[in-house]
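I have placed the structure first, in the form of structure tokens, so that the comments after it can refer back to it.
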Amino acid sequence: VHGFLLYYVMLLCSHFIFFVIKETDAAAYHSIIDQVHFKSDENWIAVVLLLLLDPLSEEFFLEGYLFKRLERLRPALIVLISLAIRVSYHTYQGWRSLINVLPFGIVMTVYYARYKKLWPILIAHTLNNMFADLYYLNH
1 VHGFLLYYVM LLCSHFIFFV IKETDAAAYH SIIDQVHFKS DENWIAVVLL
51 LLLDPLSEEF FLEGYLFKRL ERLRPALIVL ISLAIRVSYH TYQGWRSLIN
101 VLPFGIVMTV YYARYKKLWP ILIAHTLNNM FADLYYLNH
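Residue numbers are given in our numbering: position 4 of the sequence shown equals residue 4, and the series is strictly consecutive.
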């Protein structure tokens with residue numbers, strides 16, 4: 001249940017940001033969509049593996065490992081370090097990927113800092129990737 005709630009909160013944040021961009025600058029909105037668009041001839045085995053492995057690798061490192069390794073630091077500093085690394089992971093998508101990555105990272109990292117539960121974050125991240133991939137495949 002927590003994973004679905006986290007996903008929903010993140011989804012609301014990113015949809016609001018996308019709505020504002022679409023209404024104020026349609027060219028920027030289409031540029032963002034074009035940067036992350038999948039082609040219909042993608043290797044489906046690779047897509048499924050990415051959907052499963054990407055959340056595991058990112059969240060185990062960004063939340064599980066970093067929070068344990070840096071536990072002597074203030075939680076706010078660990079959150080900032082985690083966010084900086086998360087954003088760096090997605091630089092290949094262009095600077096506009098921040099619109100999605102940053103709200104998602106804030107929600108996930110703050111949730112982990114408060115509750116120290118990784119499985120809801122893994123569920124939310126997997127759902128995010130799955131629905132984003134399906135959306136971009138169909139548009």
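We treat Cβ as the ideally placed atom computed from N, Cα and C, and that holds for glycine.
Alpha carbon of residue i to alpha carbon of residue j, nearest angstrom
i, j, result
"Glu63", "Leu118", "7 Å"
"Val79", "Thr24", "31 Å"
"Met130", "Lys68", "28 Å"
"Leu56", "Leu122", "7 Å"
"Thr109", "Ser82", "7 Å"
"Pro120", "Phe60", "12 Å"
"Arg96", "Leu73", "30 Å"
"Gln93", "Thr126", "18 Å"
"Ala27", "Ile45", "33 Å"
"Leu49", "Ala84", "25 Å"
"Val107", "Val101", "10 Å"
"Thr91", "Tyr65", "22 Å"
Residues of its chain near residue i, where Cβ-Cβ distance is below 6 Å and the 5 sequence neighbours each way are ignored
i, result
"Arg86", "Leu62, Gly105"
Contacts around residue i, its chain only, beta-carbon distance under 7 Å, and the 5 residues preceding and following it disregarded
i, result
"Asp54", "Asn129"
"Pro75", "Ala113"
"Tyr89", "Glu58"
Simplified DSSP assignment, three categories, for residue i
i, result
"Gly94", "coil"
"Leu50", "helix"
"Lys117", "coil"
"Leu73", "coil"
"Asp25", "coil"
Residue nearest to residue i in terms of C-alpha spacing, selected from the options
i, options, result
"Ala113", "Ile45, Glu71, Trp95", "Glu71"
Neighbourhood of residue i by C-beta distance below 8 Å, restricted to the same chain and skipping five residues each side
i, result
"Met77", "Contrary to the premise, residue 77 reads as Leu rather than Met in this sequence. Closer than 8 Å at Cβ, skipping near neighbours: Leu70."
"Lys116", "Phe67"
Exposure of residue i, with buried meaning 16 or more beta-carbon neighbours within 10 Å
i, result
"Ala124", "buried"
"Val20", "exposed"
"Tyr111", "buried"
Neighbour flag for residue i against chain D, beta carbons, 8 Å
i, result
"Gly94", "In the structure shown, chain D cannot be found, because there is only a single protein chain."
Proximity test, residue i beta-carbon vs the ligand MN heavy atom, cut-off 7 Å
i, result
"Val87", "Among the ligands in the structure shown, none appear at all, so the ligand MN cannot be discussed."
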